[in-house]
Amino acid sequence: MPDARPRLLYVTDLAYEARGRRYCDEDIRLTSRLRADFDLALCHPRDAAALMGAFDAVVVRNSGPVLAYRAAYDDFRERALREGVRVYNPLTGKADMAGKQYLLDLTAEGHPVIPTVDSAAGLDRLPPAERYVVKPKLGADSIGLRIVSADAAGDLAGLCDGTVLVQPHIDFAYEVSFYFVDHGFQYALHAPDPARRWELVPYEPTAEDLDFARGFVAWNGLEHGVQRVDACRAPGGELLLVELEDLNPYLSLDALPRERQGAFTTAFIASLHRFLAA
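All residue numbers for the sequence shown refer to the numbering used here, where the first residue is 4 and numbers rise by one.
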């Protein structure tokens, strides 16, 4: 008898509506490839905790903002850690899966990140700007984001109640994202028009660009998983981190040529095999 194939519970919200994107299409295509190597079942993130015990691993993909199902996610996370359930990406990530605290930590450590504070006392540590971005620590997809003029400094201080982050508004040239499987770089995409940030095209990074992105992947310390390093090209020409997505990064595979899509999927499947064998 052949060895039993690994069983994966693939967590996705196929009905999630994102601006300008259809997350479900990406997961439908990915799972159609995964079935060649794994016994596979799909479920909504609210159902993952109840179902995960019957599988060899849980793969969290396009499951939507956790804010929409906070209690269910916290229960899933707590039970998975307690019961030793294999979760991909592993739940040890220090970036978005743990909230936005990492932006404060990276700022304090001097990494190339948009300067970030979370208190009125810290506002003096931000560089002068005409506008400031205020966003919830537990936010996602720009939910709750506000732009505050420098003329309303009193309002800005009043918003610093410990639940939000404050950053200078950067007039960047463009945004660029770097996609990794484990610690291996796969591809980069960028939005040439900042006003149309979801219209992505392939981007060929320089050696300096890759050093920048790899530094954050190394900082996060995940041995397995898919990560997306989001950055902006600041007015001075340098890259600054916007977000390090290590929970359920949308991959924008439809913006890639077919052969690059295939190369990513091959790397993703190989990573899952390594994860299961670890």
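A virtual CB, placed ideally from N, CA and C, is assigned to each residue, including glycine.
Comparing alpha carbon positions, the residue from Ser274, Asp233, Ile117 and Cys163 closest to Pro131 is Ile117. Pairing Thr268 with Leu259, the inter-Cα distance amounts to about 12 Å. Annotation: the continuous beta strand (DSSP E) that includes Arg236 extends over Val229 to Arg236.
In the structure shown, Ser180 falls within a strand segment according to DSSP collapsed to helix, strand and coil.
Taking a C-beta distance under 9 Å as the contact criterion, Ala270 and Gln170 do not qualify as a contact pair. In the displayed model, Pro197 falls within a helix according to three-state DSSP. Around the beta-carbon of Arg199, fewer than 16 other beta-carbon atoms lie within 10 Å, marking it exposed. CA-to-CA, the gap between Asn65 and Val90 works out to about 14 Å.
For the 9 Å CB-CB criterion, Glu246 and Asp108 do not form a contact. Between Pro48 and Tyr76 a beta carbon distance of about 7 Å is seen, short of the 8 Å cut, so the two are scored as contacting. Nearest Cα to His172 within the set Gly224, Pro238, Ala39 and Phe58: Pro238. Classified as exposed, Thr209 has fewer than 16 neighbouring CB atoms from the shown chains inside 10 Å of its CB. Note on Ser152: under 16 other CB atoms within 10 angstroms of its CB, so exposed under the neighbour-count rule. Closest by C-alpha distance to Tyr253, out of Tyr26, Arg22 and Arg8, is Tyr26. For Leu247, the enclosing beta strand (DSSP E) starts and ends at Leu242 to Glu248. For the pair of segments examined, the segment 5-21 was found to touch the segment 37-48: the number of CB pairs separated by less than 8 Å reaches three. In the displayed model, Asp42 falls within a strand according to three-state DSSP. A residue is called buried when at least 16 other Cβ atoms come within 10 angstroms of its Cβ; Asp214 does not meet this threshold and is exposed. The three-state secondary structure of Phe175, taken from DSSP, is coil.
Distance from the Cα of Ser255 is smallest, within the candidate group Ala123, Leu203, Glu178 and Leu106, for Leu203. As DSSP reads the structure, Arg149 sits in a beta bridge with Val137. For the pair Leu70 and Leu141, the Cα-to-Cα distance works out to about 7 Å. For Leu129, the secondary structure class from DSSP, reduced to helix, strand or coil, is coil.
The three-state secondary structure of Val120, taken from DSSP, is strand.
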